[in-house]
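Reading through the structure tokens given below for one structure.
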Amino acid sequence: MKLSSKWVQLAALAVLVAVLPLFFPSGYYYRVGALIFVNGLAVTGLVILIGYAGQISLGHAGFAGIGGYACALAPEHLGLPPSLSILLGAAISALLAVLIGKPILRLRGYYLAVATLGFGILVSMVLTNERALTGGPDGMAVQGLALRKILRGWGWRLSSGEFWYVMSALAMLLGVWIALNLFQSATGRAMRALHGSEVAARTVGIDVARLKLQAFVISAVYASVSGSLLALQNKFVTPDIAGFMHSIELVTMAVLGGVGSVVGAVTGGAILTLLPQVLTVFAEYEQLVLGLVMILVMIFLPRGLLPSIAAKMKGRGE
Amino acid sequence: MKLFMTTAVSALTVLGGTAAMADIKLGASVSASGPAAFLGDPEAKTIEMMVDQINEEGGINGEKIDLVLYDDGGDPNKARTFATRLVEDDEVVAIIGGSTTGTTMSILSVAEDAEVPFISLAGAIQIIDPVHKWVFKTPHTDRMACEKIFSDMQKKGITKIGMISGTDGFGASMQAQCKDVAPKYAIEILSDETYGPQDADMTPQLTKIRNTQGVQAILNPGFGQGPAIVTRNKAQLGIDLPLYESHGVASDGFIELAGAAAAEGVRLPGTALLVASILPESDPQKPVVTAYKAAYEAKYGETVSTFGGYAHDAVDLMSHAMKTGGNDPAAIRDALEATQGYVGTTGIYSFSPEDHLGLDLSAFKMLEIHDGGWTLID
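Quick look at the structure:
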């Protein structure tokens, strides 16, 4: 139970992902699992931005929207296969992140939050209003991934749920692996220094502006890929994917689980994805319970669920 | 790590503990909360009421219906998860739901993959065109509303109109459909304005339409409070042109919101449900709409809406199909497709392999608001 060890964390996640299906009573759990992993991927990106580099974004769903709509639009208009559309979406997101990141990352705190918020809302407005291209608020259909057909050709008959469980799990594990590597690299250390104190980081010779931009672009690519995976497995995408609520949801997941720890944030994502499914009986109180959970975590476990509990178990306390 | 494991495992046991034994499992996912609650709330209430009624009357061929109803909050992603849950975990034989086009399209591919019949409660034409084998729908399309309005305009000799549409899903979809179908009725759209769903004042757009030379009537595809504000603003500006609203505002609430004086003379296509009390006795829909209206209003103490009517027809069609076809998903689907001349609150349905909506323009009645109430035009 040593949170700092990269391989322990990664192996634990991988084993969990591989073992859980043995307990699944029906195919529906694969769908929930796939959703957890897709959210986990986006949240891991936010850990790099918020947890490592100490910058906030309330507009990351905008990148998820770009990734999602890339998978809807590129196969239809450019004839690109959906798998390459994921990369195209990621490239567009990265480019946009550079363009908008340059000016807005000079802002701090509330101002940065508001600027990123504006970006997210802009993307969702464009997706809603460019009816001729995006189908407007009604959304548009997305082609399936050819890979599933190829696997079927090889005699691997996976259901849609099983297939996406595996795909999303692989994507998330890859994302987690990269994020954990980054944490221990020189760049990661510099990001954490920036988080600790921007002034101090600058005095020791860290290129603060460049580093912030890097974190922003990396997390944008994470969000974009997660949006692509979501659109591909839903076979349909609407502007909700880029909506303000989705941005907030992602940040909440990260903060709930522990924004400084990748595994913690993924856990937060898992909890917030599972809760609405568990709470269907009291659907009316869902928001209430979510709010309550957040408040309690913030008061009693300010570093997030997992890091706080891990620290307590180590006997260091808060 | 142990914690993550225990959280996940305990969550799974909670999830797994809900399955119960039942006779016929009917699934539903509607948007009872969230931005589309005005659609999903009456739909959820209607579905629950109808299933209770069917069970009290002895069920389907002696078997009770066990309803599994989820609230997707208007989120297509959740709708797909719930649809998967209905199919894989609850093992339902049929699904009703999809209050919005987005949620419907998310459920659609799940139903198609699992080969479970699905009746949608959303408006867009793309749900049934092209026809999907397992997917049906009860509401008429936006296109049909446009056609009904345009044919009424034609009768009045109107050929040039101004449009003012909401930018929400409903308004935007109907705006596109109306523009698409207008040439068929030789209608020319001279002015095409829009407003946001939360806007509180539409006088600039209306002034622009008034100042456009040759406009003979105004058409307002929209939903919720927007059309009421358009109606009031038009009266305040003293614009003396006929105003056509959409079927989206076909409720008494609209007249209250707009004010009886401002709404005087407004025309819109509505369903028989709205004018249940003034339908002639000879109308085949009269008994159905009166019975539903009375039951719903007695049970929930609020007026019926067109949307609840869509759900009424969906449950009724489904239970008829189960009675004649049996409880197997494929049999229900075949029986649904074979349904002919079924009288619902929305219209008279006749499905075929090429038509999974089964309604024609006669399902709409042209209504005019007069003295704060509804009158039938045709």
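Protein sequence lines correspond, in order, to chains A and B. All residue numbers for the first sequence refer to this note's numbering, where the first residue is 132 and numbers rise by one. All residue numbers for the second sequence refer to this note's numbering, where the first residue is 215 and numbers rise by one. Backbone N, C-alpha and C fix where the C-beta goes; we use that ideal spot for every residue, glycine too.
Local Cβ density within 10 Å of residue i, reported as buried at 16 or more and exposed below that
i	result
B/N425	exposed
B/E257	buried
B/E470	exposed
B/I259	Per the sequence presented here, residue 259 of chain B reads as Lys, with Ile not at that position. B/K259 is buried by the Cβ-count criterion.
A/L153	exposed
A/R162	buried
A/Q95	For residue 95 of chain A there is no data in the structure shown, the boundaries of chain A being 132 and 449.
B/E361	buried
B/E459	buried
A/M303	buried
A/L437	buried
A/Y241	exposed
B/P397	exposed
A/L243	buried
A/V146	exposed
A/I402	buried
B/Q499	buried
B/T298	buried
B/L283	buried
B/K370	exposed
A/V169	buried
B/M235	In this predicted model, B/M235 has a pLDDT of only 44, less than 50, meaning its place in the structure is not dependable; the value taken from the coordinates is given anyway. B/M235 is exposed by the Cβ-count criterion.
Those residues which DSSP pairs with residue i across a bridge
i	result
A/R434	Paired residue(s): none; A/R434 is not in a bridge.
B/N434	B/E459
A/A272	A/F367
B/D285	B/V244
A/P213	None; A/P213 has no bridge partner.
B/N415	Checking the sequence shown, residue 415 of chain B turns out to be Asp, not Asn. According to DSSP, which records beta bridges pairwise, B/D415 is partnered with nothing at all.
A/A401	Bridge partners of A/A401: none, in fact.
B/D569	B/S566
B/R481	B/Y458, B/E582
B/I492	Answer by DSSP bridge pairing: none, since B/I492 is not bridged.
Chain A contact for residue i (CB, 8 Å cutoff)
i	result
B/A508	no
B/A386	yes
B/A390	yes
B/T355	no
B/D382	yes
B/K448	no
B/K292	yes
B/M319	yes
B/G316	yes
Within-8 Å CB hit, residue i to chain B
i	result
A/T265	no
A/S216	no
A/L419	no
A/L361	yes
A/P213	no
A/P407	yes
A/T411	yes
A/S136	no
A/G422	no
A/S157	yes
A/S357	no
A/G400	no
A/G435	no
Test: residue i CB closer than 8 Å to a CB of chain E
i	result
B/A396	Considering every chain present, this structure includes no chain E. Its protein chains are A and B.
Any non-hydrogen atom of the ligand ATP closer than 7 Å to residue i Cβ
i	result
B/K513	In terms of ligand content, the structure shown is empty, and the ligand ATP therefore cannot be addressed.
Review point. Should the region 505 to 514 of chain B be regarded as contacting the region 531 to 547 of chain B, the criterion being three or more beta carbon pairs within less than 8 Å?
Key: no
Check your understanding: Listed in chain order, which residues of the region 363 to 383 of chain A have Cβ atoms closer than 7 Å to some Cβ of chain B?
Key -> N365, K366, F367, T369, D371
**Study point:** Contact list for the region 295 to 311 of chain B against chain A, Cβ threshold 7 Å
**Key:** T295, T298, R299, E302, D303
**Study point:** Residues, ordered as in the chain, of the region 498 to 527 of chain B that lie near chain A by beta-carbon distance below 7 Å
**Key:** none
Check your understanding: Just by C-beta distance, which residues in the region 269 to 281 of chain A are closer than 8 Å to chain B?
Key -> D269, G270, A272
**Study point:** Cβ contact check for the region 342 to 359 of chain A and the region 182 to 200 of chain A: 3 or more pairs under 8 Å
**Key:** yes
Check your understanding: Can at least three beta-carbon pairs, one atom from the region 379 to 391 of chain B and one from the region 430 to 442 of chain B, be found at a separation below 8 Å?
Key -> yes
Review point. In the region 235 to 268 of chain A, which residues sit with their C-beta less than 8 Å from some C-beta in chain B, listed in chain order?
Key: T259, N260, R262, G267, P268
Check your understanding: For the 8 Å Cβ check, are there 3 or more pairs between the region 362 to 370 of chain B and the region 289 to 300 of chain A?
Key -> no
Practice item. Give a yes or no on contact between the region 512 to 530 of chain B and the region 482 to 489 of chain B, applying the rule of three or more CB pairs nearer than 8 Å. Key: yes
Review point. When Cβ atoms are compared, which residues of the region 323 to 341 of chain B fall closer than 7 Å to chain A?
Key: S323, D327, A338
Exercise for review: Name, going along the chain, the residues of the region 163 to 197 of chain A whose beta-carbon falls closer than 8 Å to a beta-carbon of chain B.
Suggested key: V163, L166
Review point. Do three or more CB pairs link the region 200 to 207 of chain A to the region 261 to 278 of chain A at distances below 8 Å?
Key: yes
Exercise for review: Decide if the region 381 to 389 of chain A is in contact with the region 173 to 189 of chain A; the criterion is three or more beta carbon pairs, one per stretch, under 8 Å apart.
Suggested key: yes
Point to revise | Cβ contact check for the region 223 to 232 of chain A and the region 396 to 410 of chain A: 3 or more pairs under 8 Å | key: no
Exercise for review: Tell me, please, whether the region 443 to 457 of chain B touches the region 472 to 481 of chain B by the rule of three or more beta-carbon pairs shorter than 8 Å.
Suggested key: yes
Check your understanding: For the region 278 to 312 of chain A, which residues have a beta carbon sitting closer than 9 Å to at least one beta carbon of chain B?
Key -> S290, S291, G292
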